Structures are given as structure tokens and as C-alpha cells.
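> Handing you a structure now.
Numbering (my numbering), first residue to last: -8 to 278.
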């Protein structure tokens, strides 16, 4: 039987319904949650996420303050924009798109975001809180979206052998931590893992976040697996966005797989909205 395709739209819609009364409550207090988005250049993957996030924000009544910098901008220009958003009390969350241009210091730029506005959980302070299990700080949106998608489709995490392919601080590692927190037994792999095909094929739940087309092919997959493909890369040859997984092969083999595009992205953008609302609520309570 062909695999079930896990689409993000119904998950995002369910999450959005839970946000609406909270946004109305803020409006009654004269507060409009606002997200500051910073994009450098015109990468197709960034544009796709920006459109998704802006559309979701607009539908919920969350304001978006967008700044687009040229691909050859300096790090100081980017830091100046972040500083202005930090000082703007009407902006509750800040997001910039990655990867940054070559030569920029990702850690310095990430740590420039005020912790209370770090709605994608990328600063050192946010990560420290998350990894220490503290109650403050935001989890990276994409990692949290993985869990929300699995929960929505009633796909059991507890007790499963899970593998996360990708070890980035903002996607792979936090996804592994969340799966571990949901009582999966988790292995973290990456593009240099030896015998990757064997490790992945022995897993029941596969999350891949390498950003490399066809990281996982037929040899990595087996019947019964649940696959969440976080990858989103523009394939110049085929002229379309692709994930990490060979979907044509996977859909003949696995139990279910998230759509690309149309999968995790919509959920991620809704989690982002939820974090902006939470930041606005926290700021309002302090006032």
C-alpha cells in the first residue's frame, strides 16, 4: 500500500484555533502581537518560509515587521537591524533566516537577539534554558513542529526506536531532545555517520534534517516506518523544492511520510506564531 502523506495544514489549523482566544485577549488589552522578520537575499527556501509565516501571522491577526537586506550586506548592518527591533517595544519576537552569508558569525548574530524576543530559540541563553529543562526560553520552532505533527496524527512516540539524521543546534539536536522527552529511544546521526543506511532502516521513527537532497533513499527505508522530512532545498535541475528523502521511493515503502512541500513548514510557522503570542503575553504581564 502507498504511504499515508502527513500534511501540515490540518495540524497548523488545529494549533491556530487554540491561539485565537489568546490573541483576542491581548487585543482587549490593546496589544497586537508583532513578529520582526529579517531576510538576507532572495533564497527560495527563505522566501517559501517567509510566505508561509507571513500568511499564518496575517490570518491570526499577528503583525509582521519585515526587513530585507541585500545578499552582500555586512554583519554590522544585520546587527543594527536586530538592535533596532530589540529596542522597539511593539516588536515581541525576532526571526532571521539562516544560513547567514559566508563570513558572518552566526553565534554573535544569534546572541544579539534579546532573549525574551528569541522566538526561534537560537541564542545561547535560549538553548541553555531549553537543554537544562528550565521553564523559560523558547524551543526551536521546527523541532517543536515535529512533535506537534506526530501528536496530531496520533503516531506514538513513547517506546519507539527513533533516529534523527542531522545534528544542528537549532533543528537536529533539539528534535532529538524532544523525542527523548517523549520517551523514545533516540539515535542522532549525520552525513558522516558510518553505515547510515543500516541505522536508519532499523529505526521505527525517522526524522531527517540535513538540508541535502536524497540524504535518505530506498536503501535507508523499510515498511512500517514513520518518516518526518524537515529538509527543504530548491533543486535547480527539477525546478522545485525537495526534502532530504527520495519521496518517490519512500511512498512505495514506508507507513507514512510528511509532505514536502506542504508538510512541516506550515506547522513550524504556526509554532512561531504561538511563540510570538507567548512573548506578547509575557511582556503584557510585566507592564
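For each residue, glycine too, the CB sits at the ideal point set by N, CA and C. Quantities reported herein were computed from a predicted structural model and do not represent experimental measurements.
Flag this pair as yes or no: are the beta carbons of residue 235 and residue 201 separated by less than 7 Å?
Against a cut-off of 7 Å, the Cβ pair of residue 201 and residue 235 comes out as a contact.
> Any contact of the segment 57 to 73 with the segment 248 to 265, i.e. 3+ C-beta pairs under 8 Å?
Touching, no, given that fewer than three Cβ pairs across the two stretches are closer than 8 Å.
> Counting only the same chain and skipping the five closest in sequence on each side, list residues whose C-beta sits under 6 Å from that of residue 259.
Closer than 6 Å at Cβ, skipping near neighbours: 132, 133, 136.
> Residues in the same chain with beta-carbon distance under 7 Å from residue 146, minus the five sequence neighbours each way, listed in chain order, please.
For residue 146, where only same-chain residues beyond five positions count, the Cβ hits under 7 Å are 217.
> For residue 154, which beta-bridge partners are listed by DSSP?
DSSP, once it has assigned bridges, lists 178, 197 as partnering residue 154.
> Helix, strand or coil for residue 140, going by three-state DSSP, please let me know.
Correct three-state label for residue 140: helix.
> Grab me the residues of residue 264's own chain with a C-beta within less than 7 Å of its C-beta, minus the 5 sequence neighbours each way, in chain order.
Answer for residue 264: 10, 47, 48, 51, 53, listed in chain order.
> Could you say which of 7, 212, 257 lies nearest to residue 44 if we only look at CA atoms?
When only C-alpha atoms are compared, the closest one is 257.
> What is the DSSP secondary structure of residue 37, reduced to helix, strand or coil?
The answer is helix: DSSP assigns residue 37 an H, G or I state.
> Give the secondary structure of residue 59 by DSSP, where H, G and I count as helix, E and B as strand, and everything else as coil.
DSSP places residue 59 in strand when its eight states are reduced to three.
> Hey, residue 188 and residue 212: beta-carbon distance below 7 Å or not?
It is not a contact, given that the beta carbons lie outside the stated cut-off.
> Would you check if the distance between the CB atom of residue 149 and the CB atom of residue 174 is smaller than 7 Å?
Going by C-beta atoms, residue 149 is nearer than 7 Å to residue 174.
> Would you give the residue range spanned by the alpha helix (DSSP H) that residue 84 belongs to?
Here residue 84 belongs to no alpha helix (DSSP H); instead the beta strand (DSSP E) covers 84 to 87.
> Does the distance from the CB of residue 151 to the CB of residue 158 come in under 7 Å?
Against a cut-off of 7 Å, the Cβ pair of residue 158 and residue 151 comes out as no contact.
> Helix, strand or coil for residue 208? Go by DSSP, reduced to three states.
Coil.
> Near residue 66, what residues of its chain come up, given a Cβ to Cβ distance below 6 Å and the 5 sequence neighbours on each side ignored?
Counting only Cβ-Cβ distances below 6 Å, and skipping sequence neighbours, we find 95.
> So does the segment 105 to 112 actually touch the segment 262 to 276, counting three or more Cβ pairs closer than 8 Å?
Segments in contact, yes.
> Straight-line CA distance for residue 12 to residue 276?
Distance between the alpha carbons of residue 12 and residue 276: 17 Å.
> Tell whether a beta-carbon distance below 7 Å holds between residue 166 and residue 155.
Going by C-beta atoms, residue 166 is nearer than 7 Å to residue 155.
> By the 10 Å Cβ neighbour count, where 16 or more other Cβ atoms means buried, how is residue 40 classified, buried or exposed?
Buried: at least 16 other Cβ atoms inside 10 Å.
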